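**Student:** Can you keep this structure in mind? I'll have questions shortly.
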Amino acid sequence: PAAQYLEVLRLRTMWLERFTATTLADADLYLCPAVPVPVPTREETGPRGGTEMPQRLAQVTRLTRWVNYLGVPALVLPCGFDSRGLPIGLQLVGRPFAESTLLAAGHRYQQETDWHERVPEPIVAS
Numbered sequence: 083p084a085a086q087y088l089e090v091l092r093l094r095t096m097w098l099e100r101f102t103a104t105t106l107a108d109a110d111l112y113l114c115p116a117v118p119v120p121v122p123t124r125e126e127t128g129p130r131g132g133t134e135m136p137q138r139l140a141q142v143t144r145l146t147r148w149v150n151y152l153g154v155p156a157l158v159l160p161c162g163f164d165s166r167g168l169p170i171g172l173q174l175v176g177r178p179f180a181e182s183t184l185l186a187a188g189h190r191y192q193q194e195t196d197w198h199e200r201v202p203e204p205i206v207a208s
């Protein structure tokens with residue numbers, strides 16, 4: 083119903099104001115992990131992923147969903163590989179409408195690191 087939608091929009095505005103007033107009070111960007119769990123395989127998230135597939139996908143997106151809900155810009159950058167050789171990412175979150183600051187920071191990060199140039203080893207199906 084429309085009343086619930088309007089309430090969610092009101093709450094979103096409140097959460098966005100709180101985020102910028104606290105987390106970004108003295109910073110232009112917020113640095114945090116992008117994915118809190120090892121990345122699932124295609125088999126674990128594909129059609130044959132079973133009943134646990136929705137739970138796995140929810141875990142993978144847990145640290146990025148709030149950014150989408152708030153509508154703030156974010157950028158995920160590679161920062162290493164896990165024990166299986168799969169990429170790990172960090173997330174930069176910016177202020178509303180500050181995409182240029184976010185992209186400049188991401189560009190600078192990639193000038194100082196080479197993670198974006200590394201390619202994971204191919205995974206051979208067994």
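When we follow the numbering used here, the leftmost residue of the sequence shown carries the number 83, and every step to the right adds one.
No residue lacks a Cβ here, since even glycine has one placed at the ideal position from N, Cα and C.
Since the structure is predicted, the reported quantities are computational estimates derived from the model, not experimental observations.
In the DSSP assignment, find the unbroken beta strand (DSSP E) run with L172 in it and report its ends.
**Tutor:** Element bounds for L172: P169 to G176.
**Student:** For the beta strand (DSSP E) that A156 lies in, which residues bound it at each end?
**Tutor:** Looking at the DSSP string, the run of the beta strand (DSSP E) that includes A156 is A156 to F163.
**Student:** Less than 7 Å separating the beta-carbons of L159 and Y112?
**Tutor:** Their beta carbons are not under 7 Å apart, which means L159 does not touch Y112 by this criterion.
**Student:** Would you call F101 buried or exposed, if buried means 16 or more other Cβ atoms sit within 10 Å of its Cβ?
**Tutor:** Its Cβ being crowded by 16 or more others within 10 Å, F101 is buried.
**Student:** Below 7 Å between beta carbons: does that hold for V154 and P178?
**Tutor:** Yes, the pair counts as a contact, with Cβ atoms nearer than the cut-off.
**Student:** Would the beta-carbon of V117 fall within 7 Å of that of V149?
**Tutor:** No, the pair does not count as a contact, with Cβ atoms beyond the cut-off.
**Student:** Below 7 Å between beta carbons: does that hold for L185 and L174?
**Tutor:** Taking 7 Å as the Cβ cut-off, L185 and L174 do not qualify as a contacting pair.
**Student:** For I170 versus G176, is the C-beta spacing smaller than 7 Å?
**Tutor:** Not in contact: I170 and G176 (Cβ atoms no closer than 7 Å).
**Student:** Helix, strand or coil: which one does DSSP assign to L113?
**Tutor:** Looking at L113 - three-state DSSP - the assignment turns out to be strand.
**Student:** Go to E99, then tell me how far its alpha helix (DSSP H) extends in each direction, as first and last residue.
**Tutor:** That run of the alpha helix (DSSP H) goes A84 to T104.
**Student:** Using a 10 Å radius around the Cβ and a threshold of 16 neighbouring Cβ atoms, would you call A156 buried or exposed?
**Tutor:** It is buried - the Cβ of A156 has at least 16 other Cβ atoms within 10 Å.
**Student:** Less than 7 Å between the beta carbons of P115 and L145, yes or no?
**Tutor:** Result yes, Cβ atoms of P115 and L145 sit closer than 7 Å.
**Student:** Over the uninterrupted alpha helix (DSSP H) stretch that includes T127, give me the two end residues.
**Tutor:** Per DSSP, T127 belongs to the alpha helix (DSSP H) from R124 to T127.
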